[in-house]
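Asks: Mind having a look at this structure? Questions to follow.
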Amino acid sequence: MILSLEHIYKDYVQDKLVVPVLKDINLSVEEGEYVAIMGPSGSGKTTLMNIIGCLDHPTSGEYILDGKSVLGLRDNALSDVRLNSIGFVFQTFQLMPRESALENVCLPLSYAGVKKSEKKERAMKALERVGLKERALFKPTQLSGGQKQRVAIARAMINNPKILLADEPTGALDQKSGEQIMRLFKKLNEEGVTIIMITHDPKIAQNAKKIYYIIDGVISEDEEKARSTAEALEKEEAMEDDFLIENEKSDNEKQEVASDENS
Amino acid sequence: MLENIRMSFKGIWSHKMRSFLTMLGIIIGIAAIIAIVSTIKGTNEQIKQNLIGSGNNTVKILLNQGDYQLEIDEYTSVPDGVTQISDETMKKIRKIDHVVSAARYLRRTDYSGYVFYLNNSLSGGSVNGVDLDYFETLDYVIRKGRGFSQKDYDDYNKVAILDEDSVETLFPGEDPIGKTIEINKEPFVVIGIVTSGTTFEPTINSEEDYYTYYQESAGSVYIPSSDWPIVFRFDEPESLVIQVESTDDMTSAGKAAADILNAAISPTDDTVLYKAEDLLEQAKEIQQLSESTNNMLIWIAGISLLVGGIGVMNIMLVTVTERTQEIGLKKAIGAKKNKILGQFLTEAVVLTSLGGIIGVISGIVLAEIISRVADMPVAISGPAAVGAVAFSMVIGIVFGMMPSYKAANLDPIEALRRE
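Here you go:
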């Protein structure tokens, strides 16, 4: 098992109001798996992605990555985890606009302290892997969307991470480019890379070997089960809220009565 | 690091106008400081040259009583225990490091009318009894006639050499060679005219300068020191003049010579001592005066640097905000805090250092313009230029720290979310 999430909860606090985003997430991914996490916007999939990517801390729960608990690690240790174990691919590519494709791919290597000569060689290999060797010196503005995403994938793969995390990797691409990216993912997965992809597009999700559905912070392999669990939880919460409001009301009434008695 | 510097230049280049305007405060501050320092240094160098003379490098070692120079005349006696400088002592002095040559001399200021030619008196001038080495030591050359010879000393020839000022005073419009002058009622034949070998005119900018640099312009008459007992006293203590290799050796060699001379005498009055006339010290005192006023100007220029530094901080904050997404991405792909800190700090330092370098260049140009327009001497100071660039680097670090710290501590999720 390369990663496992156990009873992960995540709440956001907005003006004293606690908004639960992830509710009891249990997810384990085996090495070499190709997983898609599907869900509508606002379902908490990006938050889940951030937690898996060690960018965010859960409110509670346990997260084991590659046999080690990553919760409670300090910022610098988390940076190392992100550097060596996880490759990120974003919807909007996130390339440095002023740097060439090659320099963009090199970026993680400079954080890993790789020598200059070796850096270039490895970056060229990574670009070759995504079929963009000829465009190594092109700036992002000179590349198409699909090409940009392939540069981003080369960058994500440069340190040979075990996990590739992709957040809507085809979201900003046309269908043809999207298919190209999916073929590349398939190839990488066949080479042994574990891929976790987040998407709202069922067609894209079909490329994965396993699909999880996340609805209102509840995850399940069965879409219906996720929905029903989420709805049940929703009702429970609503009842709790009503109960609290009732309590508050009665508290206030009691106080009023008390103050009346005092006067 | 090199990578960071390369990226910084790229960033600065992509916002040329903004970067230049940001640097402007630093440029103006550094340029002002360099111009002021160059002017101070120029003035100081001029003071030093005026006092010491260019290339002459001579130091006089005079006998002092207490704080004053001891001058012997008819009414003052020679202090007990003070003897004349022996040939042995001279040998020791010539062996001091960096001493090129040394000569003994005796001098009386002509207050009471020692020297006459017909009705012309050398009042205000001086009579000097000198060694055979004297003119050579002071770089004086015989312009007309001849110098003293060993024979003049051996035979006690009553011969005299005049300098140009005394020629003008005693022999206006006449050729003095072969004429007889009277020194303290003794007749002396003029055999030559001497002139300072190094033509040096002190730069006079004010009345004060005139009194400082033109103390000895009344004219001097020179006679062989062996003749001194004929006209004056036989036991008068001599003064010493030495020539050293370079200006910087003057103080140390002067002190060494004074020590040797003091060791050779045993005065009963222990305030009687040989002292080197330390012109470098005198120069320093005058220089300090001009420096203290100009230091105020440097402070004012420093304010410009402060304002410039705040400008840099401001623009760095803008840069951090602009590049939030880039910072988020870098953190996401594994950049540690100190890498991000380093990147932005480098950018701030590159920005201010560039400003510093441009400032130094503009400062040098400004100094040159000042020297042309205001006719003031300037001297560019190498250490000041290096110091200014180093200081602008420090400004980059100080004012870049806050924005860089802000960048390093950005939350990567927040940073990536921003489009």
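Chain order of the listed sequences is A and B.
Going by the working numbering, the first residue of the first sequence is number 59, and it counts up by one from there.
Going by the working numbering, the first residue of the second sequence is number 624, and it counts up by one from there.
Here a beta-carbon is modelled for each residue, glycine too, at the ideal position from N, C-alpha and C.
Helix, strand or coil for F811/B, going by three-state DSSP, please let me know.
Replies: Position 188 of the second sequence, counted from the first residue, corresponds to residue 811/B. Strand, per DSSP.
Asks: Quick one: Cα of D280/A to Cα of I95/A, how far?
Replies: Mapped onto the first sequence, residue 280/A falls at position 222. Mapped onto the first sequence, residue 95/A falls at position 37. Cα-Cα distance, rounded: 12 Å.
Asks: I246/A and L231/A look like a contact to me (Cβ under 8 Å); what is the Cβ gap, rounded to whole Å?
Replies: Here residue 246/A refers to the residue found at position 188 when the first sequence is read from its first residue. Here residue 231/A refers to the residue found at position 173 when the first sequence is read from its first residue. According to the sequence shown, residue 246/A is Leu rather than Ile. About 17 Å separates the two Cβ atoms, so there is no contact after all.
Asks: Tell whether a beta-carbon distance below 8 Å holds between S235/A and G204/A.
Replies: The residue given as residue 235/A occupies position 177 in the first sequence. The residue given as residue 204/A occupies position 146 in the first sequence. Their beta carbons are under 8 Å apart, which means S235/A touches G204/A by this criterion.
Asks: For Y328/A and chain B, any beta-carbon pair shorter than 8 Å?
Replies: A question about residue 328/A goes unanswered here, because the residues of chain A that appear run from 59 up to 321.
Asks: Could you work out which residue in I659/B, I963/B and N807/B is closest to S735/B when comparing CA atoms only?
Replies: For this step, residue 735/B is matched to residue 112 along the second sequence. When only C-alpha atoms are compared, the closest one is N807/B.
Asks: By a C-beta neighbour count over all protein chains shown, 10 Å radius and 16 as the cutoff for buried, is L644/B buried or exposed?
Replies: As a first step, residue 644/B is located in the second sequence; it is residue number 21 there, counting from the start. The residue is exposed, with fewer than 16 neighbouring Cβ atoms inside 10 Å.
Asks: Is the distance from the Cβ of L685/B to the Cβ of K898/B below 8 Å?
Replies: Here residue 685/B refers to the residue found at position 62 when the second sequence is read from its first residue. Here residue 898/B refers to the residue found at position 275 when the second sequence is read from its first residue. Yes.
Asks: Give the C-beta separation of V817/B and Y776/B to the nearest angstrom, bearing in mind that I take them to be a contact with Cβ-Cβ under 8 Å.
Replies: The residue labelled residue 817/B in the question sits at position 194 within the second sequence. The residue labelled residue 776/B in the question sits at position 153 within the second sequence. That belief does not hold up - the Cβ atoms of V817/B and Y776/B are roughly 17 Å apart, past 8 Å.
Asks: What does the alpha-carbon distance come out to for the pair K960/B and K954/B?
Replies: In the second sequence, counting from the first residue as 1, residue 960/B sits at position 337. In the second sequence, counting from the first residue as 1, residue 954/B sits at position 331. Near 8 Å, if we compare the C-alpha coordinates of K954/B and K960/B.
Asks: According to the Cβ coordinates, are L912/B and L884/B closer than 8 Å?
Replies: Position 289 of the second sequence, counted from the first residue, corresponds to residue 912/B. Position 261 of the second sequence, counted from the first residue, corresponds to residue 884/B. It is not a contact, given that the beta carbons lie outside the stated cut-off.
Asks: Candidates P166/A, A288/A, A210/A and L75/A: which alpha carbon is nearest V139/A's?
Replies: Against the first sequence, residue 139/A aligns to sequence position 81. Comparing Cα-Cα distances from V139/A to each of P166/A, A288/A, A210/A and L75/A, the minimum goes to P166/A.
Asks: Just to confirm, are A1038/B and Q948/B a CB contact at a threshold of 8 Å?
Replies: Stepping through the second sequence from its first residue, residue 1038/B is reached at position 415. Stepping through the second sequence from its first residue, residue 948/B is reached at position 325. Yes, the Cβ-Cβ distance between A1038/B and Q948/B is below 8 Å.
Asks: Considering only C-alpha positions, which residue in the set N687/B, D786/B and I1036/B is nearest to A881/B?
Replies: On the second sequence, position 258 is the one that residue 881/B refers to. Answer by Cα proximity: N687/B.
Asks: Does any residue of chain B have a CB that is nearer than 8 Å to the CB of L61/A?
Replies: By 1-based counting over the first sequence, the position of residue 61/A is 3. No, its Cβ sits nowhere closer than 8 Å to a Cβ of chain B.
Asks: Taking only three categories from DSSP, how would you classify L625/B?
Replies: Position 2 of the second sequence, counted from the start, is the residue given in the question as residue 625/B. Helix.
Asks: Considering only C-alpha positions, which residue in the set E176/A, V163/A, I273/A and K220/A is nearest to K206/A?
Replies: Indexing the first sequence from 1 puts residue 206/A at position 148. Nearest C-alpha to K206/A: V163/A.
Asks: From T681/B to A1011/B, what distance separates their C-alpha atoms?
Replies: What you label residue 681/B is simply residue 58 of the second sequence in a count that begins at 1. What you label residue 1011/B is simply residue 388 of the second sequence in a count that begins at 1. Looking at the two C-alpha atoms, the distance is approximately 36 Å.
Asks: Any chance the region 991 to 1005 of chain B sits against the region 651 to 663 of chain B, with 3 or more Cβ pairs inside 8 Å?
Replies: The region 991 to 1005 of chain B is in contact with the region 651 to 663 of chain B.
Asks: Let me know the secondary structure DSSP gives E805/B once reduced to three states.
Replies: Working through the second sequence from its first residue, we reach residue 805/B at position 182. Residue state, collapsed to three classes: strand.
Asks: State buried or exposed for W636/B, treating a residue as buried only when at least 16 other CB atoms are found within 10 Å of its CB.
Replies: If you number the second sequence from 1, residue 636/B lands on position 13. Per the 10 Å Cβ criterion, exposed.
Asks: On the three-pair Cβ rule with 8 Å, is the region 796 to 811 of chain B touching the region 734 to 749 of chain B?
Replies: Touching, yes.
Asks: State yes or no: is the C-beta of I628/B within less than 8 Å of the C-beta of G982/B?
Replies: Taking the first residue of the second sequence as 1, we reach residue 628/B at position 5. Taking the first residue of the second sequence as 1, we reach residue 982/B at position 359. Against a cut-off of 8 Å, the Cβ pair of G982/B and I628/B comes out as no contact.
Asks: Does G965/B come within less than 8 Å of chain A when only Cβ atoms are used?
Replies: As a first step, residue 965/B must be located in the second sequence, where it is residue number 342. No, no contact with chain A.
Asks: Could one say the Cβ of L952/B lies closer than 8 Å to chain A's Cβ atoms, at least one of them?
Replies: For the purposes of this step, residue 952/B is taken as the residue at position 329 of the second sequence. Answer yes: the Cβ-Cβ gap between L952/B and chain A drops below 8 Å somewhere.
Asks: Listed from N- to C-terminal order along the chain, which residues in the region 157 to 182 of chain A have their beta-carbon within a distance smaller than 7 Å of any beta-carbon of chain B?
Replies: Listed in sequence order: L165, P166, S168 and Y169.
Asks: Between the Cα of L952/B and the Cα atoms of V76/A, K183/A and N108/A, which residue gives the shortest distance?
Replies: Counted from its first residue, the second sequence places residue 952/B at position 329. When each option's Cα is compared against that of L952/B, the closest is N108/A.
Asks: Using a 10 Å radius around the Cβ and a threshold of 16 neighbouring Cβ atoms, would you call L989/B buried or exposed?
Replies: Translated into positions along the second sequence, residue 989/B becomes position 366. Looking at its Cβ environment, which holds 16 or more other Cβ atoms inside 10 Å, L989/B is buried.
Asks: Using only CA atoms, which one of V276/A, A290/A, D299/A and L123/A lies nearest to T105/A?
Replies: Here residue 105/A refers to the residue found at position 47 of the first sequence. Minimum Cα distance to T105/A is reached at V276/A.
Asks: Once DSSP output is grouped into helix, strand and coil, what is the label at M999/B?
Replies: As a first step, residue 999/B must be located in the second sequence, where it is residue number 376. Coil, per DSSP.
Asks: Cutting at 7 Å between CB atoms, please list the residues of its own chain near S143/A, excluding the five before and the five after it.
Replies: As a working note, residue 143/A is residue 85 in the first sequence. Around S143/A: L123, D124, P219, K220 and I221.
Asks: Quick one: measure Cβ to Cβ for T760/B and I865/B, integer angstroms, because I've assumed they're closer than 8 Å.
Replies: Position 137 of the second sequence, counted from the start, is the residue given in the question as residue 760/B. Position 242 of the second sequence, counted from the start, is the residue given in the question as residue 865/B. At roughly 7 Å, the Cβ-Cβ gap stays under 8 Å, so T760/B and I865/B are in contact.
Asks: My assumption, with CB atoms under 8 Å, is that G979/B sits in contact with S1015/B. Please give the rounded CB distance.
Replies: By one-based count along the second sequence, residue 979/B stands at place 356. By one-based count along the second sequence, residue 1015/B stands at place 392. G979/B to S1015/B, Cβ: 3 Å. Contact.
Asks: What residue range is occupied by the uninterrupted beta strand (DSSP E) comprising G877/B?
Replies: Counting from one through the second sequence, the residue named residue 877/B turns up at place 254. Careful: G877/B lies outside any beta strand (DSSP E), inside the alpha helix (DSSP H) at M873 to A887.
Asks: Just how far apart, CA to CA, sit S843/B and R730/B?
Replies: Position 220 of the second sequence, counting from 1, holds the residue named residue 843/B. Position 107 of the second sequence, counting from 1, holds the residue named residue 730/B. If I take the Cα positions, the gap works out to 10 Å.
Asks: Helix, strand or coil for R856/B per DSSP?
Replies: Sequence index remark: in the second sequence, residue 856/B carries index 233 (1-based). Coil at R856/B, not helix or strand.
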